[in-house]
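Each position in the sequence shown, counted from 1, maps to that position plus 105 in our numbering.
Backbone N, C-alpha and C fix where the C-beta goes; we use that ideal spot for every residue, glycine too.
Below: the structure, in structure tokens.
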Amino acid sequence: MRLDRAACIDDLREIARRRIPRFAFDLVDGGAEGERNLRRNAQAFEEIELTPRYMRDVSQIDTGVTMFGQRFGAPFGMAPIGVLNAFWPGADLMLARLCKAKDIPYTASSAASTPLEALAEAADGNGWFQLYVSGNADVTEGLVSRAEAAGYPVLMVTADVPAAGKRDRDIRNQLAVPFRFTPEVVLQCALNPRWSLTSLRHGTPNVANYADLLQSATSYAEVQKTLITPGFTWEDLKRLRARWKGKLLVKGILHPDDAVQCADIGCDGIVVSNHGGRQVAFGQPTIEALPPIAAALGGRIAVLLDSGIRRGSDTLRAKALGADFTLAGRALAYGVGAGGAMGAERAFDLLSLELNRALGQLGLRSYSDVGQDTLSQAR
């Protein structure tokens with residue numbers, strides 16, 4: 106299938122699956138254990154019904170939204186994904202540049218394959234930085250200081266990784282960082298020559314922001330253990346809030362009480378997220394966890410949502426249920442995997458087209474007009 110014939114994000118996923126070795130594709134596509142949460146995140150969106158309204162003037166549609174004092178062209182941005190250059194070589198910079206060109210935020214992962222400074226430069230004012238809190242306080246402070254110096258206005262601390270997720274696909278693939286060229290990996294690379302040749306030009310992907318620290322790592326699980334600590338507590342978050350002078354988001358919130366505590370500490374927003382189903386295989390899809398969280402916060406701080414966004418209309422479902430903004434990770438990554446920078450643009454265009462058409466079908470002229478009354482009355 107050619108890029109211009111891809112009708113939706115699922116089509117781009119299928120193109121990417123055919124172009125990328127299984128071990129690299131599964132790194133991004135896979136989820137925790139039996140992948141229940143991975144599947145349910147997307148399925149739950151489809152169960153949210155919105156009510157079309159007609160005979161209204163929708164000749165002009167405005168999808169813009171203001172977040173943290175900055176106006177963006179669409180109500181969705183790029184969620185952080187680690188080691189994404191293993192999925193498609195150069196993916197980090199392609200997506201950072203896309204987000205700048207399309208005027209949406211790009212969230213650089215602590216575990217990115219590209220140094221955070223280069224990603225800040227590529228995003229050029231549209232960059233946010235996602236932080237994994239390390240068990241080594243000096244490592245964490247080093248990342249925060251670098252993000253500050255690079256000019257990131259938003260720090261997104263990830264709270265939902267007190268233990269590394271068990272990803273069965275990665276275990277079966279014997280995933281390692283740096284990659285080990287086992288006979289099976291060599292065969293997969295031979296069957297995907299475009300990925301392999303492009304990878305040779307770009308070099309072996311790694312976790313660039315921790316390059317010195319992780320030289321001795323032998324597995325992706327070991328990398329994860331270095332990036333996180335089970336000892337991250339509310340007291341640590343308070344200290345981080347006092348340390349970071351910009352906007353502070355907490356990613357991975359799924360309980361109303363945790364959301365309220367983030368507001369009480371002085372955070373500027375939360376991200377309702379289950380890590381795209383990559384950390385735990387149980388619990389609610391994010392769209393189902395969203396309404397009670399939004400109700401508990403009552404507008405005190407910004408509410409963002411990720412995990413499961415596959416259609417432009419999903420952003421409207423999230424807005425109707427209380428989210429101010431959404432983040433898409435896999436949806437845009439599949440575009441890069443399907444066709445590099447052109448594929449990433451195709452993914453953005455598909456989401457934007459669906460978003461605009463959904464607003465028109467709902468009889469709404471702007472994203473800001475979406476509210477609870479947009480939901481089906483059957484709810």
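- Distances from the alpha-carbon of Gly440 to those of Glu450, Trp349, Lys343 put Glu450 closest.
- For Lys352, there is no enclosing alpha helix (DSSP H); the enclosing beta strand (DSSP E) covers residues 352–358.
- When the alpha-carbon of Ala364 is set against those of Ala401, Pro210, Glu459, Ser164, the nearest one is in Ala401.
- A distance below 8 angstroms between beta-carbons, with the five flanking residues on each side excluded, links Arg346 to the following residues of its chain, in chain order: Leu353, Ile370, Gly371, Cys372.
- Given a length threshold of 4 residues, each whole run of the alpha helix (DSSP H) inside the stretch 280–309 is given here in chain order: 288–295, 298–307.
- Here the stretch 408–424 does not lie against the stretch 292–307, with fewer than 3 beta-carbon pairs under 8 angstroms apart.
- In the DSSP assignment, the residues bridged to Phe181 are Thr431.
- With fewer than 16 neighbouring CB atoms inside 10 Å of its own CB, Asp109 falls in the exposed class.
- Approximately 6 angstroms separates the beta-carbon atoms of Asn314 and Leu221; this is inside 8 angstroms, confirming the contact.
- According to the DSSP secondary-structure assignment, Ile375 is paired through a beta bridge with Val355, Val408.
- DSSP, reduced to helix, strand and coil, places Ala213 within a strand of the structure shown.
- Here DSSP, grouped into helix, strand and coil, assigns Leu236 to strand.
- With respect to the C-alpha of Ala446, the residue from Val133, Arg161, Ala196, Gln466 having the closest C-alpha is Ala196.
- Here Ala394 has Leu359, Val377 as same chain residues with Cβ atoms under 7 angstroms from its own Cβ, once five neighbours each way along the sequence are excluded.
- Looking from the CA of Ser218, the closest CA among Asp167, His307, Leu467, Ala255 belongs to His307.
- Rounded to the nearest whole angstrom, the C-alpha separation of Met106 and Arg124 is 11 angstroms.
- For Leu467, the CB contacts under 8 angstroms within the same chain, skipping 5 residues up- and downstream, are Leu155, Thr156, Pro157, Arg158, Leu421, Val475, Thr479 in chain order.
- When the beta-carbon positions are compared, Ala213 and Phe192 stay at least 8 angstroms from each other.
- Cβ atoms of Gly357 and Thr263 come within 8 angstroms of each other, at about 6 angstroms.
- If you draw a straight line from the Cα of Ala443 to the Cα of Leu458, it is about 19 angstroms long.
- Counting only residues of its own chain and dropping the five nearest sequence neighbours on each side, Asn297 has a CB closer than 7 angstroms to the CB of Arg124, Ile125, Pro126.
- Taking 8 angstroms as the cut-off, the beta carbon of Val290 is found no closer than this to the beta carbon of Ala216.
- Between Val259 and Tyr237, the CB-CB gap reaches or exceeds 8 angstroms.
- Where Met106 is concerned, there is no enclosing beta strand (DSSP E), because DSSP gives it neither an H nor an E.
- Note that the C-beta distance between Gly434 and Asn142 is not below 8 angstroms.
- Per DSSP, the beta-bridge partners of Ser471 are Asp167.
- Where Val133 is concerned, the enclosing alpha helix (DSSP H) starts and stops at 127–134.
- Cβ neighbours of Lys424 within its own chain (closer than 6 angstroms, five residues either side excluded): Val475.
- Contact annotation: Gly382 and Ala149 have beta-carbon atoms that are not nearer than 8 angstroms.
- Contact annotation: Thr171 and Pro180 have beta-carbon atoms that are not nearer than 8 angstroms.
- Distances from the alpha-carbon of Phe453 to those of Pro361, Ile209, Leu464 put Ile209 closest.
- Annotation: Ser481 to Arg144 spans about 23 angstroms, alpha carbon to alpha carbon.
- For the pair Gln293 and Ser164, the Cα-to-Cα distance works out to about 49 angstroms.
- Counting the other CB atoms within 10 Å of its CB gives Lys350 a total below 16, which places it among the exposed residues.
- Assigned with DSSP and collapsed to three states, Thr420 falls in helix.
- By the CB criterion at 8 angstroms, Thr391 and Leu409 fall outside the cutoff.
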